[in-house]
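Okay, structure first, notes after.
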Amino acid sequence: MDEQSEHGGDVFAERRAKLAAWRAAGDVYPTEYQPRDEIGPLHEAYAALEAGQDSAGSQRVAGRVVARRVHGKLTFVVLKDLSGELQLFCQLDMLGDERYAALEHVDLGDFVGAEGRMMRTRRGELSLRITSWQLLSKSLRPMPEKYHGLTSVETRYRKRYLDLAANDDSRDVFIKRARIVAAVRHFLDDRGFVEVETPVLQPLYGGALAKPFITHHNELERDLYLRIATELYLKRCIIGGIDRVYEMGKDFRNEGVSFKHNPEFTMLETYEAYVDYNHVMTMVEEMTAEAARAVGGLKVTFREHEIDLTPPWPRLTMRKAIESETGIDIGADDARTVADLQAAIKAKGLDETVPLAPAWGAQVDDLFSECVEPKLIQPVFITEHPLETSPFAKKTPHDPRFVERFEGFIAGMELSNAFSELNDPDDQRERFMQQMQDLADGDETAHRLDEDFLEAMEYGMPPTGGLGMGIDRLVMILTGAPSIRDVILFPALRG
RNA sequence: GGGCCGUUAGCUUAGUUGGUAGAGCAGGGGACUCUUAAUCCCAAGGUCGAAGGUUCGAAUCCUUCACGGCCCA
Numbered sequence: 000m001d002e003q004s005e006h007g008g009d010v011f012a013e014r015r016a017k018l019a020a021w022r023a024a025g026d027v028y029p030t031e032y033q034p035r036d037e038i039g040p041l042h043e044a045y046a047a048l049e050a051g052q053d054s055a056g057s058q059r060v061a062g063r064v065v066a067r068r069v070h071g072k073l074t075f076v077v078l079k080d081l082s083g084e085l086q087l088f089c090q091l092d093m094l095g096d097e098r099y100a101a102l103e104h105v106d107l108g109d110f111v112g113a114e115g116r117m118m119r120t121r122r123g124e125l126s127l128r129i130t131s132w133q134l135l136s137k138s139l140r141p142m143p144e145k146y147h148g149l150t151s152v153e154t155r156y157r158k159r160y161l162d163l164a165a166n167d168d169s170r171d172v173f174i175k176r177a178r179i180v181a182a183v184r185h186f187l188d189d190r191g192f193v194e195v196e197t198p199v200l201q202p203l204y205g206g207a208l209a210k211p212f213i214t215h216h217n218e219l220e221r222d223l224y225l226r227i228a229t230e231l232y233l234k235r236c237i238i239g240g241i242d243r244v245y246e247m248g249k250d251f252r253n254e255g256v257s258f259k260h261n262p263e264f265t266m267l268e269t270y271e272a273y274v275d276y277n278h279v280m281t282m283v284e285e286m287t288a289e290a291a292r293a294v295g296g297l298k299v300t301f302r303e304h305e306i307d308l309t310p311p312w313p314r315l316t317m318r319k320a321i322e323s324e325t326g327i328d329i330g331a332d333d334a335r336t337v338a339d340l341q342a343a344i345k346a347k348g349l350d351e352t353v354p355l356a357p358a359w360g361a362q363v364d365d366l367f368s369e370c371v372e373p374k375l376i377q378p379v380f381i382t383e384h385p386l387e388t389s390p391f392a393k394k395t396p397h398d399p400r401f402v403e404r405f406e407g408f409i410a411g412m413e414l415s416n417a418f419s420e421l422n423d424p425d426d427q428r429e430r431f432m433q434q435m436q437d438l439a440d441g442d443e444t445a446h447r448l449d450e451d452f453l454e455a456m457e458y459g460m461p462p463t464g465g466l467g468m469g470i471d472r473l474v475m476i477l478t479g480a481p482s483i484r485d486v487i488l489f490p491a492l493r494g
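Per numbering that gives the first Met the number 0, the very first residue in the first sequence carries number 0; after that it's consecutive.
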C-alpha cells in the first residue's frame, strides 16, 4: 500500500503541500502560545454582552479548528479547547490582505492561536473579532466528520484520540472518571487512610482467585507475576502498623474480555484495623454516594435501569438470596455436599442453566452467579459466602461453612468485595492447604501457598476490615457507560 | 470456545431478484463581510475487510480467515 492511499489520499497530499508552504513562510510548530485565555471562562465573563456589541480590551485564545465558514471577505473559524468552543470573527479589513489570505490554508484539525476583542454577532454568537492569529500546529489528516462525529466503535477504541477530539460525550466520561477517582481518594484521605504503592511485579501472585500474567526478570533470572491483587502486601502494611491503608492501581488478570472485563483494570483496595465487614459495608455505601455526587447525583441510569444509590443499601445473606430466587437452601442439612446441592439443582429443574461444579463452594458460586446475580439491579450487599471460595475471610461465628464477607452488586455487576480479614495464622495456613489441594485437583485459579505472608501474619495482625472495589465498573455505573471499554482510554483489543 | 450481526471513499452512509457502486461531510477550483450541519456552481475521490469458490457476470450467493459488536459458555 503506498503512502498516499494509506494516509487518506488527496487530502493528505494537499495538506502535506500546505505544510511545505507554511514551513517556507515560517515556524509552523511554535513552542507556546502565552498568555492564553480559556474559552469556557470567556463565555461566562461575556454572557451579558449584547448582540452587535464589542467589548473593550483584548483576549488571546488557542485551540483546534473544528469549523471554518468562508464568506468572501469574512471568515468564521471555530476554535475548541478543553473548556469549550469559540467562534473567531475574521475580517479582511481587520487582518489585511496577507493574513486574511493565509486563512485559506488553515484546515479543520489545525491548531490556531488568535488575539482580538470579544464581540457578539448580530445573530447572537459570542465571538472574538480577531486582529491577529497564528498557526500553532498543522493537521495532516482529515478529522472525523463534524456532524455525526466518530461512531465506528472499533475506531473509537483503536484511535481514542479521534474519539476524544470528535465526541464530547466520550471526553466527558474520562473527565468524570478523574473526578470519581479524586472523590474516592478524598473520601479515604479524609478518614485518615494512607495511600501506598506496592509491587506490580510479584514473585508470587495472590490475594484473589485468578490466572496471572507471567513475565521474566533477566538479571534476577526468575519469573515474576503481574499482580492480580494488592491484598497480601496491604495486609503486611496493616501488620506493620499502618492502621488505615489503601492502594488504587492496576491489577492484571489473564482471563477473558467482556463488557465488564479488561485484562488490566483499576482496583481500589482498603484495609482498616479494628473494624469488621459491617463497618466496611457502611463505608462502601458512603464512598459510592460521595463519588456519585462528584459527577451528578445519586440517581443514575445504566443499561436502561434507573438506579438509586442512596444509602443505606439492603443487606442479604447469600443463603437467603439463593433461597428466595431458587427455593434451594444452601445452608440446609440436606445440602451439605456438592452431590446434595446438585440433586437439589436438578430437582428444581435448574441443571439446564447452572453449570455443575466440582465442589460445594464452587457450586454455590455458580448457582448464585446464574440465578441471583443478574437480578441484583439496585445496590445490594450479598453477605456470608462459602468458606471454600473465600480463603482470606473469617468464618462466621454461627456457621463455619460461611465467612464474614460481602459483595456489593449494582446492575447485576459485582463492584465490591470485602471481608472481616482472616488474621489467625493457623487458620490461614489451613486455607492455603485447601487451596493447594484445589490446585492439585486442577483448579488453575486456586491460591498458592505464601509462606512469607504467613510469617508476617505470625507476628500478629490486628482484626481488620478489607475491601476491593472495581473502579472501572464504578465509573461505568456513574457515567452510564455500557461497556468497560468506554471507561478505559486504551482498552485491550486484538491485532 | 459457541451462536447471531456487522466491515462500501478520510468520516457518516445508500446500494432492489447477482448486471462492475450513489450521496452528504471533509478535501480541490470558483462566488459570497453575520455564518454557525452556512449556502450556491464545477470537478475529483472506491482493488466494496482479506483470500478462495460458484457464475457469462459478484458489494450482493458459498467457504475459510481477520477485526469489531451483541448474546451465550
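Built from N, CA and C at the ideal position, the CB exists for glycine as well.
Neighbourhood of residue i by C-beta, 8 angstroms cutoff - its chain only, sequence neighbours within 5 removed
i	result
Pro202	Arg221, Leu223, Tyr224
Leu366	Ile321, Thr325, Ile327, Ile329, Leu340, Ile344, Leu349, Val353
Ala358	Val337, Glu387, Asp437
Trp21	Val27, His104, Leu134, Lys137
Pro481	Phe258, Phe301, Arg302, Met475
Residues near residue i by beta carbon distance below 7 angstroms, same chain, minus five either side
i	result
Val371	Ala320, Ile321, Glu324
Ala16	none
Ile487	Asn261, Asp471
8 angstroms Cβ cutoff met for residue i and residue j
i	j	result
Met118	Gln52	yes
Gly464	Ala392	no
Gly112	Trp132	yes
Arg159	Phe110	no
Glu85	Leu127	Strictly speaking, residue 85 in this sequence is Leu, with Glu absent from that position. Result yes, Cβ atoms of Leu85 and Leu127 sit closer than 8 angstroms.
Ala65	Val105	The amino acid at residue 65 is misidentified as Ala; the sequence shows Val. Taking 8 angstroms as the Cβ cut-off, Val65 and Val105 do not qualify as a contacting pair.
Pro211	Tyr232	no
Ala570	Pro424	In this structure the chain extends from 0 to 494, so residue 570 is not present and cannot be described.
Ala209	Glu254	yes
Ala61	Leu135	yes
Ile227	Gly206	yes
Ile483	Ile409	no
Gly360	Pro385	yes
Met460	Lys234	yes
Neighbourhood of residue i by C-beta, 6 angstroms cutoff - its chain only, sequence neighbours within 5 removed
i	result
Ile344	Asp350, Val353
Thr478	Val172, Lys175
Lys394	Val402
Arg178	Ala293, Val294
Val283	Gly407, Ser415
Met247	Leu267
Ile129	Leu87, Cys89, Ala113, Gly115
Phe431	Leu448
Arg243	Gly191, Phe192, Glu271
Residue i - containing beta strand (DSSP E), residue span
i	result
His304	304–307
Ala66	58–70
Asn416	412–419
His506	The structure shown has nothing for residue 506, since the chain only spans 0 to 494.
Glu406	404–409
Met460	Neither: Met460 is in no beta strand (DSSP E) and is coded neither H nor E.
Ile129	125–136
Glu220	Unbroken run through Glu220: none, as it is neither H nor E.
Ile381	379–382
Leu85	83–90
Met118	110–119
Lys79	73–80
Lys298	298–301
Beta-ladder partner(s) of residue i, from DSSP
i	result
Leu270	Going by the sequence as given, residue 270 is Tyr instead of Leu. Its beta-bridge partners are Val244, Gly465.
Asp171	For Asp171, which the question treats as bridged, DSSP gives no partner whatsoever.
Phe264	Asp250
His314	A quick correction: the sequence has Arg, not His, at residue 314. Looking at the DSSP assignment, Arg314 forms a beta bridge with Phe380.
Val193	Val244
For residue i, the first and last residue of its enclosing alpha helix (DSSP H)
i	result
Phe452	450–457
Ile476	470–478
Ile329	Unbroken run through Ile329: none, as it is neither H nor E.
Ala392	Looking at the DSSP string, Ala392 is not in any alpha helix (DSSP H), and its letter there is neither H nor E.
Val337	337–346
Thr444	That residue, Thr444, is in no alpha helix (DSSP H); it is neither H nor E in DSSP.
Phe367	359–370
Thr287	276–293
His104	No alpha helix (DSSP H) contains His104, which DSSP labels as neither H nor E.
The stretch 75–94 in contact with the stretch 33–49 per 3-pair CB rule at 8 angstroms: yes
The stretch 295–313 in contact with the stretch 433–451 per 3-pair CB rule at 8 angstroms: no
The stretch 298–305 in contact with the stretch 276–289 per 3-pair CB rule at 8 angstroms: no
Meets three-Cβ-pair contact criterion under 8 angstroms: the stretch 368–385 and the stretch 451–462: no
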